Amino acid sequence: MISKTASSLCMLSEFYRDQDKFGNLYVTREDICNAIHILQRELDLTNRSVLLSPVLRWYATQIQYHFGSNPFTLKQLRLQLRKGKSRIYEVVRELEYQKIVKLVGQQGHAHVFELVEHIQ
C-alpha cells in the first residue's frame with residue numbers, strides 16, 4: 146500500500162514531467178530517488194549507499210579506499226583526492242546528511258570525520 150505522501154508525489158510528478166507522443170511520462174533519477182526515500186522503511190534498506198548518486202558513490206568509495214575506518218579531515222581528503230576545498234566540503238556534508246560519514250570531533254580547527262557505512 147502506498148502512503149499518502151508517495152501518492153501525492155506521484156501526482157505532483159505527473160503534472161511536471163514531460164510526456165512522449167503516447168502519453169507516457171518520462172521518469173527521472175530524482176523521481177526514483179524520491180520514491181526510494183519515501184518507501185525506505187517499507188523496503189527496509191540496510192545499505193543506504195544504494196540511494197547515492199554515482200558521484201557521491203565514487204567519493205564514498207574513495208574515502209573507504211584511502212581511509213577505511215580511520216578518521217580524516219577535509220584537508221586530508223582534499224589532498225588525497227586532489228579536489229577543490231569547496232567541492233570536498235559540499236560532498237562530505239551531503240555524505241554526512243545521507244549518514245555515510247559522521248562528524249567525530251575536532252583536530253585544532255579542523256573537523257574530523259569517519260566513514261560509518263562501507264560501500265559494497
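Going letter by letter, the sequence shown gives residues 146 to 265 in our numbering.
Note that the Cβ used here is the ideal one computed from N, Cα and C, for glycine as well.
Since the model is a prediction, treat every value here as computed from it, not as a measurement.
Taking the C-beta atoms as reference points, residue 201 is found nearer than 8 Å to residue 240.
Contact between the stretch 210–223 and the stretch 253–260 is present, with at least three C-beta pairs closer than 8 Å. Taking residue 261 as the centre and dropping the five residues before and after it, the same chain places the C-beta of 244, 245, 246, 247 closer than 7 Å to its C-beta, in chain order. Taking all protein chains in view, the Cβ of residue 197 is crowded by 16 or more other Cβ atoms within 10 Å, so the residue is classified as buried.
For residue 200, the enclosing alpha helix (DSSP H) covers residues 199–212. CA-CA distance, residue 209 to residue 215, rounds to 9 Å.
Proximity to residue 225 across 231, 235, 237, 212 peaks at 212, based on C-alpha coordinates.
Annotated as distal: residue 230 and residue 238, with beta-carbon spacing of 8 Å or more.
Residue burial is scored here from C-beta neighbours: residue 172 has fewer than 16 other C-beta atoms within 10 angstroms and is therefore classed as exposed.
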